[in-house]
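The structure under discussion appears below in the form of structure tokens.
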Amino acid sequence: MRPVTTASPASRTGRESDLARRRLQDRVSTWLFLALTALPLTITAAMLLALMARSQPILAGHTIRELLTGQTWQPMQGQFGFYPFIVGTLWVTALAMLIAVPPSLFTAVYLAEYARPTTRTLAKPVLDLLAAIPSVVYGIWGVVAIVPWVGASLAPTLNRWFGFIPFVAANNPTGFSVLSGSLVLAVMVTPVIIAISYEVLRAVPDGLREAALAMGTTRWQAIMHAVLPKALPGVAAAVVLGFSRAFGETMAVLMVVGNVAKTPSSIFDPAYPLTALIANNYGEMMSIPLYDAALMGAALTLLLVVLAFNIISAVILRGAVRRAAA
Amino acid sequence: MTDRRPAWKRRHFEERFFKTLMRVSFLAVAGSLGAILLTVIVKGLPALSLAMLTQTPKGGYYLGKEGGILNAILGSLLLAGCATVLALLIGLPMALYLEIYAPRSRWAGSVRLALDVMWGIPSIVYGAFGFTLMLLVGLRASLLGGILALTLLELPIMTRAMDEVIKMIPKDLEESAFALGTTRYEVAVKVIVRQALPGIITGALLAFGRGIGDAAAVLFTAGYTDRLPTSLFRPVASLPLAVFFQLGTPYPEVRQRAYAAALILTIIVLGVSLGSRLLAARLSRNVVK
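Protein chains in written order, with my numbering: chain A, 36 to 361; chain B, 4 to 292.
Structure below.
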């Protein structure tokens with residue numbers, strides 16, 4: 036953007052070569068930047084392909100059904116049953132969502148519909164910090180605070196009153212359990228669910244609220260019958276995104292969940308999620324045949340599930356915000 | 004049994020009930036943040052000392068009772084710092100392309116979708132993928148491997164953050180520059196980058212915070228060592244793994260190092276999170292409103 040001050044014939048050629056240079060710069064940058072934007076798709080595809088290729092050996096010797104439903108995990112004997120790990124992951128994740136979703140949605144509605152502007156500006160950094168805290172720090176909190184609490188007071192109490200319900204019977208005094216993992220995970224996914232639901236709720240036009248209130252509804256009724264139905268797809272996407280975040284979380288869960296390769300039968304039993312399986316065995320996996328293929332298979336399973344969930348929620352969200360605002 | 008109370012009373016009760024429930028939920032969320040910070044501070048503060056910050060572990064990170072976590076502090080800063088610079092070099096042109104070169108195109112839409120999907124991929128999968136690539140080219144667990152894994156992890160976070168910031172810049176600014184006869188490159192680099200600078204820095208710091216706190220991605224790729232980082236091709240220690248490994252040791256003295264590492268990590272991450280906000284406010288002086 037060199038300023039052109041003179042228009043004499045002598046400077047004309049200079050001006051033209053300058054223009055040519057700028058055109059070239061523009062064209063080169065276009066192609067270069069375009070090539071860079073191909074990276075996210077390429078990386079995701081490369082991840083899928085690489086993990087597929089690396090887990091191929093395990094699929095050659097075992098059927099997928101055998102791997103998914105096999106109960107025994109003995110890599111030395113060549114037995115790779117993923118069932119306990121998959122069930123462990125599902126237990127921890129599902130329970131975490133049960134704990135996290137109701138308060139997250141109440142908080143999102145509160146912040147979007149009720150809270151005063153000062154509360155809102157206060158809530159933003161709280162959510163940001165909660166989202167920024169590293170997972171090992173959540174892990175430390177789990178080990179130092181949650182696990183002893185679950186082991187020493189929550190488990191005995193719940194067991195005394197609700198022990199007759201099969202899922203709640205406690206015979207593990209340590210506290211390293213499905214419930215501890217779920218509690219830690221629940222706090223971790225809360226900021227994700229709140230932030231996205233909040234955005235979706237704020238995108239609902241005020242006219243809708245005003246129309247409902249003008250009919251004589253209370254604010255809660257306006258929210259339930261006018262705002263939430265409009266925001267529902269987006270809120271659902273927020274929950275799906277939270278689920279997929281919890282599903283793939285590794286370190287915090289690994290530190291508090293006990294890591295026993297046995298299908299849990301109660302929320303106070305230890306579990307061994309897929310992510311923990313991968314993280315715990317990275318060192319020794321090279322020496323045992325098929326072991327690393329099995330672990331890469333576990334990573335592939337995680338990737339496939341998370342990809343599916345993320346694509347679904349991203350597509351819903353895109354439509355949801357547009358529709359809610361329309 | 005039907006409720007005989009007048010309808011408005013029931014509605015009034017319902018309103019108050021849910022409002023209370025919402026307040027309690029919000030307090031619970033804020034309270035958990037407080038509980039976590041309290042735990043880390045109570046456990047970490049007594050463990051923090053000058054020796055902790057300036058020495059490397061003596062006699063092994065798992066068993067050696069003497070020494071500090073300087074290796075992990077330096078390692079983490081190097082890992083996350085280099086990854087952030089790399090991710091910025093890739094991510095900024097990408098965000099500029101999405102907003103200036105091909106706005107509202109189908110391609111931009113699919114790139115954004117791919118970035119959003121990448122954002123959600125668990126870091127342990129990045130670690131496993133990075134490890135696979137490293138095996139392919141014969142690279143062992145090293146600083147370089149860790150940097151690359153963290154770059155992949157940070158790229159979507161940073162690019163999407165910058166994308167959103169650039170989107171907020173009024174179109175008039177871009178159009179007036181075009182009307183003066185500038186090329187898209189000049190608009191992007193000389194006008195938009197300057198205007199979006201606070202947002203770009205915020206995005207970079209956000210990604211740095213995510214990168215420095217991540218353990219699962221560097222577990223396979225960066226390894227761990229008691230030594231200070233010296234070479235791109237040697238293993239390097241990191242704060243999250245210092246927490247993870249040293250918390251599992253039977254020695255209370257070594258566990259102190261885990262608590263100290265957790266406190267330092269938390270301070271860095273929260274400092275970056277709050278600092279980016281303040282910095283963005285200060286830097287926005289140069290921004291045309």
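Every residue, glycine too, gets a C-beta built ideally from N, C-alpha and C.
Sub-8 Å separation of residue i and residue j beta-carbons
| i | j | result |
| --- | --- | --- |
| Tyr-129/B | Leu-155/B | yes |
| Phe-370/A | Ala-135/A | The question about residue 370/A has no answer here: the residues shown for chain A are numbered 36 through 361. |
| Ser-276/B | Ser-79/B | no |
| Leu-236/A | Ala-266/A | yes |
| Gly-293/A | Ser-348/A | no |
| Ile-93/B | Leu-74/A | yes |
| Ala-180/B | Pro-238/B | no |
| Val-274/A | Ile-228/A | yes |
| Val-190/B | Leu-342/A | no |
| Pro-169/A | Leu-325/A | no |
| Gly-274/B | Ala-225/B | no |
| Ala-199/B | Ile-160/B | no |
| Met-25/B | Phe-141/A | yes |
| Leu-130/A | Tyr-118/A | no |
| Leu-77/B | Leu-244/B | no |
Separation of residue j from residue i, as counted between CA atoms
| i | j | result |
| --- | --- | --- |
| Ala-230/A | Gly-49/A | 54 Å |
| Ile-121/A | Leu-209/B | 32 Å |
| His-260/A | Val-27/B | 23 Å |
| Leu-158/B | Trp-196/A | 49 Å |
| Val-224/A | Ala-131/B | 23 Å |
| Ala-54/B | Phe-223/B | 29 Å |
| Leu-335/A | Gly-177/A | 28 Å |
| Leu-73/B | Ala-264/B | 10 Å |
| Pro-308/A | Ala-164/B | 31 Å |
| Ala-167/A | Thr-209/A | 29 Å |
| Glu-178/B | Leu-59/A | 21 Å |
| Arg-57/A | Ile-267/B | 48 Å |
| Tyr-227/B | Ala-257/A | 56 Å |
| Leu-337/A | Thr-310/A | 8 Å |
| Ser-301/A | Met-290/A | 19 Å |
| Leu-146/B | Ile-215/B | 13 Å |
| Gly-113/A | Gly-332/A | 14 Å |
| Arg-13/B | Leu-153/B | 55 Å |
| Gln-58/B | Glu-69/B | 9 Å |
| Arg-19/B | Leu-165/A | 28 Å |
Simplified DSSP state of residue i, which is helix, strand or coil
| i | result |
| --- | --- |
| Ala-34/A | With chain A running from 36 to 361 in the structure shown, residue 34/A is simply not present. |
| Lys-61/B | strand |
| Gln-106/A | coil |
| Glu-69/B | strand |
| Phe-344/A | helix |
| Phe-115/A | strand |
| Asp-217/B | coil |
| Leu-194/A | Sequence check: residue 194/A is Asn here, not Leu. DSSP places Asn-194/A in helix when its eight states are reduced to three. |
| Gly-251/B | coil |
| Glu-245/A | helix |
| Met-250/A | coil |
| Gly-184/B | coil |
| Ser-301/A | coil |
| Ala-73/A | coil |
| Asn-316/A | coil |
| His-97/A | coil |
Run of the alpha helix (DSSP H) containing residue i, from where it starts to where it stops
| i | result |
| --- | --- |
| Thr-154/A | 152 to 167 |
| Thr-124/A | 118 to 144 |
| Arg-230/B | Per DSSP, Arg-230/B belongs to no alpha helix (DSSP H) and is neither H nor E. |
| Phe-202/A | It is not in any alpha helix (DSSP H) - Phe-202/A carries neither H nor E in the DSSP assignment. |
| Ser-145/B | No alpha helix (DSSP H) contains Ser-145/B, which DSSP labels as neither H nor E. |
| Asn-294/A | Counting along the chain, Asn-294/A falls outside any alpha helix (DSSP H), and DSSP gives it neither H nor E. |
| Ala-191/B | No alpha helix (DSSP H) contains Ala-191/B, which DSSP labels as neither H nor E. |
| Ser-232/A | 213 to 238 |
| Arg-13/B | 10 to 47 |
| Met-137/B | 126 to 140 |
| Gly-174/A | 170 to 176 |
- Task: With 9 Å as the limit, tell me which residues of the region 217 to 243 of chain B have their beta carbon closer than that to any beta carbon of chain A; keep them in chain order.
- Result: Asp-217, Ala-218, Ala-219, Leu-222, Phe-223, Leu-242, Pro-243
- Query: Using a beta-carbon distance cut-off of less than 9 Å, what residues from the region 106 to 123 of chain B approach chain A?
  - Reply: Trp-110, Ala-111, Gly-112, Ser-113, Val-114, Arg-115, Leu-116, Ala-117, Leu-118, Asp-119, Val-120, Met-121, Trp-122, Gly-123
- Using a beta-carbon distance cut-off of less than 8 Å, what residues from the region 257 to 285 of chain A approach chain B? Leu-276, Ser-279, Arg-280, Phe-282, Gly-283, Glu-284, Thr-285
- Task: Quick one: which residues of the region 185 to 218 of chain A get their C-beta closer than 8 Å to a C-beta of chain B? List them in chain order.
- Result: none
- Query: If contact means a Cβ-Cβ distance below 9 Å, which residues of the region 168 to 180 of chain A contact chain B?
  - Reply: Ile-168, Pro-169, Ser-170, Val-171, Val-172, Tyr-173, Gly-174, Ile-175, Trp-176, Val-178, Val-179, Ala-180
- Of the residues that make up the region 85 to 112 of chain A, which ones have a beta carbon closer than 9 Å to any beta carbon in chain B? Ala-85, Leu-86, Ala-88, Arg-89
- Note down, in chain order, all residues in the region 264 to 281 of chain B with a beta-carbon under 8 Å from any beta-carbon belonging to chain A. Ala-265, Leu-268, Thr-269, Val-272, Leu-273, Val-275, Ser-276, Leu-277, Arg-280
- Message: Residues of the region 315 to 341 of chain A in Cβ contact with chain B at a cutoff of 8 Å, in chain order, please.
- Response: Tyr-317, Leu-330, Met-331, Ala-334, Leu-337, Leu-338, Val-341
- Contact set between the region 182 to 204 of chain B and chain A, restricted to residues whose Cβ is under 9 Å from the partner: Leu-183, Gly-184, Thr-185, Thr-186, Arg-187, Tyr-188, Glu-189, Ala-191, Val-192, Lys-193
- Members of the region 122 to 139 of chain A that neighbour chain B once the beta carbon cut-off is set at 7 Å: Pro-138
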